[in-house]
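Presented below is the structure to which this report refers.
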Amino acid sequence: MIFAPLFGYLGDRYSRRWIMAAGVFLWSLTTLCGSFMNNFWWFMLFRAMVGVGEASYSTIAPTIISDYFIGDVRSKMLALFYFAIPVGSGMGYIVGSETAKAVGQWQWALRVTPALGLVAVLLIVFVLEDPERGQSECSGHIEATPWLEDVKDVVQNRSFMFSTAGFTCVAFVAGALSWWGPSFIEMGIKLQNSGDVDSDSVAYKFGIVSMLSGLVGVPLGSLAAQRWRNKCQRIDAYVCAVGLLASAPLVFVACVAARYSVDLCFALVFFAELFLNLTWSIVADILLYVVLPTRRSTAEGFQLLVSHALGDAGSPYLIGVLSEAFKIGMRSENSTTDDTDLAKFKSLQYALFSTCFVEVIGGLFFLITAFYIIQDKHKVEQAVNGSTRHPRSEQEEQLQVETSNAQQLLVNNSDERNIS
Numbered sequence: 065m066i067f068a069p070l071f072g073y074l075g076d077r078y079s080r081r082w083i084m085a086a087g088v089f090l091w092s093l094t095t096l097c098g099s100f101m102n103n104f105w106w107f108m109l110f111r112a113m114v115g116v117g118e119a120s121y122s123t124i125a126p127t128i129i130s131d132y133f134i135g136d137v138r139s140k141m142l143a144l145f146y147f148a149i150p151v152g153s154g155m156g157y158i159v160g161s162e163t164a165k166a167v168g169q170w171q172w173a174l175r176v177t178p179a180l181g182l183v184a185v186l187l188i189v190f191v192l193e194d195p196e197r198g199q200s201e202c203s204g205h206i207e208a209t210p211w212l213e214d215v216k217d218v219v220q221n222r223s224f225m226f227s228t229a230g231f232t233c234v235a236f237v238a239g240a241l242s243w244w245g246p247s248f249i250e251m252g253i254k255l256q257n258s259g260d261v262d263s264d265s266v267a268y269k270f271g272i273v274s275m276l277s278g279l280v281g282v283p284l285g286s287l288a289a290q291r292w293r294n295k296c297q298r299i300d301a302y303v304c305a306v307g308l309l310a311s312a313p314l315v316f317v318a319c320v321a322a323r324y325s326v327d328l329c330f331a332l333v334f335f336a337e338l339f340l341n342l343t344w345s346i347v348a349d350i351l352l353y354v355v356l357p358t359r360r361s362t363a364e365g366f367q368l369l370v371s372h373a374l375g376d377a378g379s380p381y382l383i384g385v386l387s388e389a390f391k392i393g394m395r396s397e398n399s400t401t402d403d404t405d406l407a408k409f410k411s412l413q414y415a416l417f418s419t420c421f422v423e424v425i426g427g428l429f430f431l432i433t434a435f436y437i438i439q440d441k442h443k444v445e446q447a448v449n450g451s452t453r454h455p456r457s458e459q460e461e462q463l464q465v466e467t468s469n470a471q472q473l474l475v476n477n478s479d480e481r482n483i484s
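For the sequence shown, our numbering assigns the number 65 to the initial residue and increments by one for each residue that follows.
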């Protein structure tokens, strides 16, 4: 989260291939090293370093895709790329639980992926070509501008800011559900029968549901946007809004159903996450066409910072705090209650209801995005098509207009004298 803006700055100015290769290598190495740490603080340090490596890749990779493709083709490639987030998260539950079960040590769950990371580094170094920034949109060279000017432009971009706010709500809900979902479902199973609950089995099933929802949701959102884009230029923002507003009631009913039917709960979670996953590739697509090519890594870094800081970095903790507060409130209302399992379930259930409220807010943010998205997209198109050097400031644009008007006035006066 903290290093994302730094990699955004580097990604707009230096070799993106080597930055990504170094990031994935750090990511893989620290994952492996962390699995051998016996001291808690050393373990925390290496897990934090994993995030640093991830930031380098997540910030820069979408901008390379944007420089290879444009239009609907870019949307399809982004859908394929962001396919990895929900699918990888779901596979994390599956591989982690099954590896730990097979070996008898949870540390081995962290020793599976580094080999894949090494393969990725080799592919980045020897296969990937770093394209010219803006290559897919213009034939000329666009020079980078000062970083503070980039940040100012990004912050003043209303489509980007409101879509980032909506995506932060997506990250908030996704983080809360991935952290508390399996535990909450376990509590519901305990209330249905008195038998023992297999935590690994619940995590495994939750992982499968998350993965399938990603397999369907991410490409479905992209295809829906592409299907209607010719008829409605604001369709990207509308699809994201519909996804969040449709997911909210499904999350609510899933929280209620967990106490009565596990199968129904998992089915509702699947559809809730499916609608939530509609937004992943579309938000990335919005960023890429409302931000100039030389500022896209900076925008990606800013979006990662905001969405993590206000989204999934804090949502698990906030849900836990709310759960404890509701538990204390229920104890004060009924001091004779000794059904602790029911109290834990209800308190966490009430806390998870807050995610529905966040989804509604996110949907409203995307609806606001729809008001500005066409205007901001046209600004980028004009800047890219009208300049082969670097984007001009508003003052320069105004000066250019005034100069052109003055030149035209002189020409007209000259023509009148010639006629006379």
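Quick reminder that beta carbons are idealized off the backbone N, C-alpha and C, glycines included.
Skipping 5 residues on each side, what residues in its chain have a beta carbon closer than 6 Å to that of residue i?
| i | result |
| --- | --- |
| A125 | none |
| G160 | A173 |
| D349 | S139, L142 |
| L180 | none |
| L314 | L332, F335, A336 |
| A310 | F339 |
| G117 | G87, L90, W91 |
Excluding five sequence neighbours on each side, which residues of the same chain lie with their C-beta closer than 7 Å to the C-beta of residue i?
| i | result |
| --- | --- |
| N221 | V354, V355, D440 |
| G426 | G230, C233, V234, L308 |
| W172 | T163, A164 |
| P69 | G365, F366, L369 |
| V176 | V159, T163 |
| V282 | A143, Y146, F147, P150, N341, W344, S345 |
| M101 | F107, F110 |
| T94 | F110, M113, V114, G117 |
Does the distance from the CB of residue i to the CB of residue j come in under 9 Å?
| i | j | result |
| --- | --- | --- |
| M251 | F409 | yes |
| W82 | V114 | no |
| A240 | L382 | yes |
| P357 | R197 | yes |
| M108 | G271 | no |
| C304 | V347 | yes |
| S120 | A86 | yes |
| F248 | C319 | yes |
| T433 | A301 | yes |
| R298 | D136 | no |
| A415 | L386 | yes |
| F429 | S277 | no |
| S361 | F71 | yes |
Compute the Euclidean distance between the alpha carbons of residue i and residue j, then round it to the nearest angstrom.
| i | j | result |
| --- | --- | --- |
| V333 | L352 | 30 Å |
| S153 | L279 | 11 Å |
| S411 | N257 | 19 Å |
| V219 | V189 | 33 Å |
| L328 | S265 | 17 Å |
| I128 | D194 | 7 Å |
| D214 | S242 | 34 Å |
| T123 | M394 | 44 Å |
| S286 | R77 | 30 Å |
| W105 | M225 | 36 Å |
| G378 | A184 | 30 Å |
| S99 | R291 | 45 Å |
| G168 | H442 | 57 Å |
| Q413 | F316 | 9 Å |
| Q446 | W211 | 21 Å |
With burial defined as no fewer than 16 other Cβ atoms inside 10 Å of the residue's Cβ, what is the status of residue i: buried or exposed?
| i | result |
| --- | --- |
| P150 | buried |
| C296 | exposed |
| F435 | exposed |
| E423 | buried |
| S79 | exposed |
| Q459 | For Q459, the predicted structure reports a pLDDT of 49, less than 50, and the residue's modelled location is therefore unreliable. A value from the coordinates is still provided. Counting Cβ neighbours within 10 Å, Q459 comes out exposed, since fewer than 16 surround it. |
| K269 | buried |
| M84 | buried |
| I392 | exposed |
| W244 | buried |
| I66 | exposed |
Kindly list the residues whose CB is nearer than 8 Å to the CB of residue i, restricted to its own chain and excluding five residues on each side of it in sequence; keep chain order.
| i | result |
| --- | --- |
| S41 | For residue 41 there is no data in the structure shown, the boundaries of the chain being 65 and 484. |
| L96 | L174, R175, P178 |
| L255 | R323, D405, L406, F409 |
Grab the span of the alpha helix (DSSP H) containing residue i for me, first residue to last.
| i | result |
| --- | --- |
| F226 | 222-256 |
| R298 | It is not in any alpha helix (DSSP H) - R298 carries neither H nor E in the DSSP assignment. |
| R175 | Careful: R175 lies outside any alpha helix (DSSP H) and carries neither H nor E. |
| W91 | 80-98 |
| A377 | That residue, A377, is in no alpha helix (DSSP H); it is neither H nor E in DSSP. |
| N341 | 326-341 |
| W106 | 104-132 |
| W344 | 344-354 |
| A363 | 360-371 |
| A68 | 68-75 |
| A213 | Sequence inspection shows Glu at residue 213; the Ala mentioned does not correspond to that position. It spans 211-219 - the alpha helix (DSSP H) in which E213 sits, taken as one unbroken run. |
| A208 | Here A208 belongs to no alpha helix (DSSP H), and DSSP marks it neither H nor E. |
| M141 | 135-146 |
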